[in-house]
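Step one of this worksheet: look at the structure below.
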Amino acid sequence: MAQSFNDSADLKQAMVQKVRSFQESGTWVSRPLHWDGETGSLVGALLESEDLDQWSSQFGLPKWLALLLDMVAATISTPKEGMAAQLALLEAVPVGVDLDRQGNLLILRFLRETEKDLAFLDADHPLRVSLRDAMELHEMELAGAAPKPALWRKVRSAAIAETDRAVKESPEAQFGAVIEAATWSPRTSRSVVSDTFRSWVNARRDAAVQRQVGERGLLTVKETKSLLEKIHEEEKKKRKDKKEFIHVFGILEEKYPKEHASMMDFLRTQHKESLGQWENALGILLGVFEAAHCPDRCTC
Numbered sequence: 108m109a110q111s112f113n114d115s116a117d118l119k120q121a122m123v124q125k126v127r128s129f130q131e132s133g134t135w136v137s138r139p140l141h142w143d144g145e146t147g148s149l150v151g152a153l154l155e156s157e158d159l160d161q162w163s164s165q166f167g168l169p170k171w172l173a174l175l176l177d178m179v180a181a182t183i184s185t186p187k188e189g190m191a192a193q194l195a196l197l198e199a200v201p202v203g204v205d206l207d208r209q210g211n212l213l214i215l216r217f218l219r220e221t222e223k224d225l226a227f228l229d230a231d232h233p234l235r236v237s238l239r240d241a242m243e244l245h246e247m248e249l250a251g252a253a254p255k256p257a258l259w260r261k262v263r264s265a266a267i268a269e270t271d272r273a274v275k276e277s278p279e280a281q282f283g284a285v286i287e288a289a290t291w292s293p294r295t296s297r298s299v300v301s302d303t304f305r306s307w308v309n310a311r312r313d314a315a316v317q318r319q320v321g322e323r324g325l326l327t328v329k330e331t332k333s334l335l336e337k338i339h340e341e342e343k344k345k346r347k348d349k350k351e352f353i354h355v356f357g358i359l360e361e362k363y364p365k366e367h368a369s370m371m372d373f374l375r376t377q378h379k380e381s382l383g384q385w386e387n388a389l390g391i392l393l394g395v396f397e398a399a400h401c402p403d404r405c406t407c
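Counting with the numbering used here, you get residues 108 to 407 for the letters of the sequence shown.
Listed below in structure tokens is the structure:
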């Protein structure tokens with residue numbers, strides 16, 4: 108079993124310092140697992156490579172952690188906050204710990220939150236059954252068992268089938284995507300933790316925005332897109348030069364002020380929820396890693 112940072116506090120400190128220097132240099136990018144020799148993501152800069160085999164051998168860290176560190180920044184629109192979150196997450200990782208358990212614990216935390224989000228469904232609803240099955244697999248790994256790949260595939264197939272049956276963009280479809288993402292073992296999948304993190308943030312954001320759209324009578328994305336297409340077609344018919352640029356958003360603001368105000372309100376709401384749910388997810392990540400410093404602390 109690998110020990111994080113190869114059981115070296117000095118190695119961890121050197122990595123943290125390198126990240127700080129790189130971020131300050133202006134060559135950092137939010138693109139996950141990227142290195143072109145000059146610019147790169149946090150992981151790319153630490154490795155000066157995109158080879159995750161080196162990540163594990165040089166630093167004693169699981170590959171899923173590399174993808175997670177870079178995904179944390181890729182899912183937020185403000186670089187400053189993304190860089191700060193990456194640094195905080197790296198600093199929260201304990202030295203000299205086998206992090207296999209933390210992969211399962213992180214996924215279980217997101218699944219337990221998803222369980223609350225799907226509480227409006229009957230307990231025997233197939234989606235909630237798939238959720239419980241996914242949680243059971245991660246709990247088995249925590250207990251020292253090694254579920255066979257066929258069992259993971261069975262649970263994953265059931266989750267995919269049920270998500271596909273859900274109404275598009277419904278809470279069932281949104282949170283079904285979280286369950287799908289989580290139906291892999293972090294012992295073998297390098298992307299399962301980051302995919303679960305990203306899916307959960309997106310599902311929480313979209314569900315919250317949908318509620319507010321209904322409560323406040325805002326235009327949906329579909330309705331706004333339809334109106335913009337209508338404006339474009341109407342303006343195109345009026346113009347002799349069919350290639351002339353049509354500023355549909357300006358026309359929307361001028362001729363449809365109520366709808367324009369609704370669109371802007373929707374975008375503000377979406378941005379607010381994106382940031383809020385990202386912060387919630389980051390809190391979960393930090394909590395699990397900080398608890399790893401104190402093994403007796405509950406992370407449920």
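Each residue gets a CB set at the ideal place from its N, CA and C atoms; glycine is no exception.
Residue i classed as buried or exposed, judged by whether at least 16 other C-beta atoms fall within 10 angstroms
i: methionine 371; result: exposed
i: glutamine 124; result: exposed
i: valine 274; result: exposed
i: aspartate 143; result: exposed
i: histidine 400; result: exposed
i: glycine 133; result: exposed
i: glycine 283; result: buried
i: serine 164; result: exposed
i: proline 278; result: buried
i: lysine 170; result: buried
i: asparagine 211; result: buried
i: alanine 230; result: exposed
i: histidine 378; result: exposed
i: proline 139; result: buried
i: glycine 321; result: exposed
i: phenylalanine 373; result: buried
i: arginine 346; result: exposed
i: arginine 375; result: exposed
i: arginine 318; result: exposed
i: arginine 272; result: exposed
Distance between residue j and residue i (C-alpha atoms, nearest Å)
i: valine 160; j: leucine 154; result: Correcting the residue type first, residue 160 is aspartate in the shown sequence and not valine. C-alpha separation (whole angstroms): 10 Å.
i: glycine 203; j: histidine 245; result: 23 Å
i: alanine 250; j: leucine 335; result: 54 Å
i: threonine 295; j: glycine 167; result: 16 Å
i: methionine 247; j: serine 292; result: 11 Å
i: serine 115; j: methionine 122; result: 11 Å
i: glutamate 385; j: leucine 225; result: One detail in the question is off: residue 385 reads as tryptophan in this sequence, not glutamate. Taking the straight line joining both Cα atoms gives about 19 Å.
i: alanine 252; j: glycine 151; result: 33 Å
i: glutamate 340; j: threonine 185; result: 35 Å
i: cysteine 407; j: glutamate 220; result: In this prediction, cysteine 407 scores a pLDDT of 47, lower than 50, which makes its location untrustworthy; the coordinate-derived value is nonetheless stated afterwards. Their Cα atoms are separated by approximately 10 Å.
i: leucine 174; j: alanine 109; result: 18 Å
i: leucine 196; j: valine 126; result: 12 Å
i: isoleucine 286; j: phenylalanine 396; result: 22 Å
i: glutamate 131; j: glutamine 281; result: 37 Å
i: histidine 232; j: proline 256; result: 25 Å
i: phenylalanine 129; j: glutamine 193; result: 12 Å
i: phenylalanine 227; j: arginine 323; result: 22 Å
i: glycine 350; j: glutamate 360; result: The amino acid at residue 350 is misidentified as glycine; the sequence shows lysine. Roughly 22 Å between the two C-alpha positions.
i: alanine 191; j: glutamate 198; result: 11 Å
i: glycine 189; j: proline 364; result: 35 Å
i: arginine 305; j: serine 137; result: 14 Å
i: arginine 239; j: leucine 382; result: 28 Å
i: glutamine 209; j: leucine 172; result: 10 Å
i: histidine 367; j: glutamate 145; result: 42 Å
Reduced DSSP secondary structure (H/G/I, E/B, other) of residue i
i: tryptophan 385; result: helix
i: glycine 167; result: coil
i: glycine 210; result: helix
i: tryptophan 291; result: coil
i: glycine 390; result: helix
i: glycine 144; result: coil
i: cysteine 407; result: Low confidence applies to cysteine 407: its pLDDT is 47, below 50, so where it sits in the model is not reliable enough to give any reading.
i: alanine 116; result: helix
Distance cut-off 8 Å: residue i Cβ against heavy atoms of the ligand COA
i: glutamate 131; result: This structure simply doesn't include the ligand COA, nor any ligand for that matter.
Proximal residues to residue i (C-beta, below 6 Å), its chain only, five neighbours per side dropped
i: alanine 265; result: Ser237
i: lysine 362; result: none
i: arginine 297; result: Lys170, Trp171, Leu174
Sequence-distant residues of its chain with Cβ nearer than 8 Å to residue i (five each side left out)
i: phenylalanine 112; result: Leu118, Lys119, Met122, Phe166, Gly167, Leu168, Val200, Val202, Gly203
i: glutamate 342; result: Ile353, Val355, Ile358
i: threonine 270; result: Leu234, Glu279, Ala280, Gly283, Ala284, Ile286, Glu287
i: proline 254; result: Leu244, Met247, Glu248, Ser292
i: serine 156; result: Trp142
Cutoff 7 Å; reference residue i; Cβ partners in own chain excluding five residues on either side
i: glutamate 380; result: Arg312, Ala315, Val316
i: threonine 290; result: Ala241, Trp259, Val262, Arg263, Ala266
i: valine 308; result: Thr182, Gln384, Trp385, Ala388
### Query
Taking three-plus beta-carbon pairs below 8 Å as touching, is the segment 173-190 in contact with the segment 290-302?
yes
### Task
Please confirm if the segment 308-326 is in contact with the segment 336-343, defined as three or more CB-CB distances below 8 Å between the two stretches.
no
### Task
Examine the Cβ distances between the segment 326-333 and the segment 194-213 and report whether three or more of them are shorter than 8 Å.
no
### Task
Spell out a yes or no on whether the segment 380-398 and the segment 208-220 are touching, meaning 3 or more CB-CB pairs, one atom from each, closer than 8 Å.
yes
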